[in-house]
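Here this note's numbering = 1-based position in the sequence shown + 25.
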Amino acid sequence: MHNPIGGLMALVVFIAPLVAFAVPPQPENSQSLQEDEALTAEQLVDAVLTRNSGLKGLAAAAEAANYRIAPAGALDDPMLTYAGAPKTASGPRGFQERVELSQTLPWPGKLGLREDAARARAEGEEQSLADRRLALMAAAKGLFAEWAYIHRTLQIKHAHRDLLVELRRVAETQYAAGRARQQDVLQAEVEAARIDTDIVTHRRHQREVRAMINGLLNRPPQSPLPPPAALPAPVEPPSLPALQEVALGEHPELRRIQARIAEASARHGLAEKDYFPDFKLSAGYNSLWMDTDQRWTVGLTVNLPFDFSGKRSASRNAAEADVMRYQWQLTDREAQLLAQLEQGRAQVQETGEIVAIHRQRLLPLAEESLNAAVADYRAGQGSFLTVIDAERQQLRTEDSLVRARADYLRAWAALERAAGRPLGSALPIPANQAPAATAVDAHKQEKRP
């Protein structure tokens, strides 16, 4: 008797692996920071978002999570089983064998829940990427504010250093005419030396800020940077209800926690469906049977989801606890963001008002005080110590104004971070615009022998 499928004895199953060919990455749109151009806050933010290696790592993680969605909702591979009875090869019926093809089918709804969990996981990775972008934008704007401050304060220090040189000449002239003491000349030199010390400290801080900016740009710390171009003029921030609405609806951190809730809910649904059996359908041919009618078989295998050990109930309870955990995290983070919005908006308003007071009141008064002190000293009616005190006061006022402008940009960046998106840019004020130009230039124009 001949075996009708004796040819299966030479069956060879080849498994062809599926190789995913990745698309070559596009050339990086590197933001060139030309050293002969002024650096704006927007240029620095764009360059950081393009070059930062940590952001690229999160982007790759989000891409990988999206690729895992399709496999999560797919059926397991079908199984092909082959077995033979070697000792039957010399028998009257020839070599006897068995072939079976089977496919596992999960309980209806399980695949959809697995895909939902993977999709929620991918959404969480996307929101982590968006939240990291917000953090980098705030960090870049904060460092730009410090970069602009340190450049402007160095300009102010050098301008006052030149002013003290001129005041020293005035003191020497007055001393030669017998209308002043030698101590006035020495006092001018002491004040100039103090400013020189400040300049050395500011230059060290300038190198530190440059290293931090280059760290965000994924560049060597000593790489040169262009000078800052602009600082924003204070504007009124959006209303608190508008900020709260934006943050609660769009903040990536909240949406990431919401994605975690969706993922945990899907896994809780899977734990619930784990109480129902899965199936395995099979069909096969077994030539070991004598009767040809008995050789073809079909079958159904069902697992028995008994919970004697409590593993299914434990998995379900753990998934339910995860849902509650993320829900409480969401409630807590929402409360924190609302508090940060109130605090951040108040800080933006405060720094804006400080800038206005300095520009409209303190700086004009300091300039007038210095002009009056110098005029009195030239006329022999005032002391040189009064001139030095007025110069110090003007220097502090100018430096405080620049610091307030930098603090305003940092406060605005922090408010954007809490709101969950950029709030629009303010009108630029050139960073090289000297608040003290009126007073210093006036003294330079009044040079006398």
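Note that beta-carbon positions come from the ideal geometry of N, C-alpha and C, so glycine has one too.
I'd like the span of the beta strand (DSSP E) that includes residue i, first residue to last.
| i | result |
| --- | --- |
| S334 | Neither: S334 is in no beta strand (DSSP E) and is coded neither H nor E. |
| R123 | 121-130 |
| Y107 | 104-110 |
| A308 | 304-311 |
| G405 | Premise fails: G405 is in no beta strand (DSSP E) and is neither H nor E. |
| L485 | The requested residue 485 does not occur in the structure, where the chain is confined to residues 26 to 474. |
Between the options, which has its C-alpha nearest residue i's C-alpha?
| i | options | result |
| --- | --- | --- |
| A436 | A108, A99, P259 | P259 |
| L362 | Q385, V412, G377, V271 | V271 |
| S312 | N77, L69, E125 | E125 |
| L136 | G407, T226, R177, D303 | D303 |
| R193 | A63, A339, Y300, E416 | E416 |
| G109 | V73, R370, P103, R123 | R123 |
| Q180 | E288, A236, V225, L366 | V225 |
| R144 | F169, L329, A289, T65 | A289 |
| L105 | R430, S127, I220 | S127 |
| Q152 | Y107, L168, N91, L265 | N91 |
| L355 | A284, A163, L69, A72 | A284 |
| F333 | R350, D347, Y300 | Y300 |
| M237 | A344, A255, F169 | F169 |
| L295 | H227, A339, L325 | A339 |
| G149 | A213, A267, I286, I379 | I286 |
| D20 | L74, I282, E214, R430 | Lying before the first or after the last residue shown, residue 20 is absent from the chain, which here runs from 26 to 474. |
| V215 | A443, P111, I413, S115 | I413 |
| P266 | Q68, A364, K298 | A364 |
| A360 | P389, R186, E278, T326 | E278 |
| L161 | L80, A114, E233, L138 | L80 |
| R358 | A443, R341, Q199 | A443 |
| A371 | D432, R146, T222 | D432 |
| Q406 | E233, Q199, V70 | Q199 |
| T113 | R232, W314, R337 | W314 |
| P103 | G116, R118, P131 | P131 |
| D223 | P117, S307, K182, V380 | K182 |
Determine the extent of the alpha helix (DSSP H) in which residue i is found, giving its start and end residues.
| i | result |
| --- | --- |
| T198 | 135-201 |
| L440 | 409-444 |
| G82 | 78-92 |
What's the C-alpha gap between residue i and residue j?
| i | j | result |
| --- | --- | --- |
| Q56 | K305 | Low local confidence applies: a pLDDT of 45 at Q56 is under 50, so the model's placement there is unreliable, with the coordinate-based value given in what follows. Going by the C-alpha atoms only, they are around 56 angstroms apart. |
| T129 | D316 | 29 angstroms |
| R292 | A155 | 25 angstroms |
| H230 | I175 | 8 angstroms |
| A391 | D401 | 15 angstroms |
| W172 | G203 | 46 angstroms |
| Q419 | L434 | 23 angstroms |
| S450 | H276 | Confidence is the limiting factor: at S450 the pLDDT is only 42, short of 50, which leaves the residue's position unreliable, though a coordinate-based value still follows. Distance between the alpha carbons of S450 and H276 is about 19 angstroms. |
| S425 | V195 | 28 angstroms |
| G134 | W353 | 28 angstroms |
| N77 | N243 | 6 angstroms |
| R350 | A66 | 39 angstroms |
| A218 | G445 | 47 angstroms |
| G274 | L366 | 14 angstroms |
| A398 | G369 | 41 angstroms |
| Q207 | A213 | 10 angstroms |
| P111 | F120 | 7 angstroms |
| S264 | E297 | 45 angstroms |
| S248 | A63 | 16 angstroms |
| L241 | V327 | 56 angstroms |
| R320 | E345 | 49 angstroms |
| E140 | V73 | 34 angstroms |
| G309 | A85 | 44 angstroms |
| R428 | A89 | 44 angstroms |
| Q68 | T178 | 22 angstroms |
| N396 | I220 | 20 angstroms |
| H27 | Y107 | With a pLDDT of 42 at H27, under the threshold of 50, the predicted position of this residue should be treated as unreliable, though the coordinate-derived value follows. Approximately 20 angstroms between the Cα atoms of the pair. |
| P52 | P245 | Residue placement at P52 is flagged as unreliable, the pLDDT there being 36, under the threshold of 50; a coordinate-derived value is accordingly withheld. |
| A163 | D187 | 36 angstroms |
| A255 | T75 | 21 angstroms |
| P262 | L138 | 43 angstroms |
| V48 | R93 | Here V48 scores only 32 on pLDDT, less than 50, and its place in the model should not be relied on; the value that follows carries that caveat. Roughly 17 angstroms separates the two Cα atoms. |
Taking residue i and residue j to be in contact with their CB atoms under 8 angstroms, please state how far apart those CB atoms are, rounded to whole angstroms.
| i | j | result |
| --- | --- | --- |
| L100 | R157 | Contact flag wrong, Cβ pair sits at about 35 angstroms. |
| A142 | A97 | 7 angstroms |
| V210 | E197 | 6 angstroms |
| T422 | L387 | 5 angstroms |
| G21 | A438 | Look at the range of the chain in this structure, 26 to 474, and you will see that residue 21 is not part of it. |
| L268 | V373 | Actually they are not in contact, since the Cβ atoms of L268 and V373 sit about 10 angstroms apart, beyond 8 angstroms. |
| A147 | A184 | About 56 angstroms separates the two Cβ atoms, so there is no contact after all. |
| F409 | A201 | That belief does not hold up - the Cβ atoms of F409 and A201 are roughly 14 angstroms apart, past 8 angstroms. |
| S70 | A165 | Per the sequence shown, the amino acid found at residue 70 is Val instead of Ser. With 8 angstroms as the limit, V70 and A165 qualify as a contact, their Cβ atoms being about 5 angstroms apart. |
| P330 | R337 | 7 angstroms |
Got a sec: is the Cβ-Cβ distance from residue i to anything in chain C below 7 angstroms?
| i | result |
| --- | --- |
| D221 | Included in the structure is just one protein chain, with no chain C present. |
In chain order, which alpha helix (DSSP H) runs of at least 4 residues are fully inside the region 207-276?
207-241, 265-275
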